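The structure appears right after this line, and notes come after that.
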């Protein structure tokens, strides 16, 4: 997590402790941070949505007769 993200999370945590809830905007930003981190984790494990494994299937590929 970047320093800026960590600072944001800490600020939201403080806000939550003081107010008992988070704002819609805070929740949205937290979801964005989470989704980005999960995408990165999946990409490094080879589970990204777009894997370039070759395969050679599909219309227009060079190895199709």
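Residue numbers (the working numbering): -16 to 48.
We put the CB at the ideal spot given by N, CA and C, even for glycine.
All figures in this text were calculated on a predicted structure; none of them were measured in a lab.
In whole angstroms, what separates the C-alpha of residue i from that of residue j?
i	j	result
residue 1	residue 10	16 Å
residue 3	residue 28	36 Å
residue -16	residue 5	20 Å
residue 19	residue -3	23 Å
residue -11	residue 22	18 Å
residue 13	residue -9	9 Å
DSSP on residue i, reduced to helix/strand/coil?
i	result
residue 21	helix
residue 46	Its pLDDT being 45, under 50, residue 46 is placed unreliably in this model, and the value from its coordinates should be taken loosely. It is coil, neither helix nor strand.
residue 15	helix
residue 4	coil
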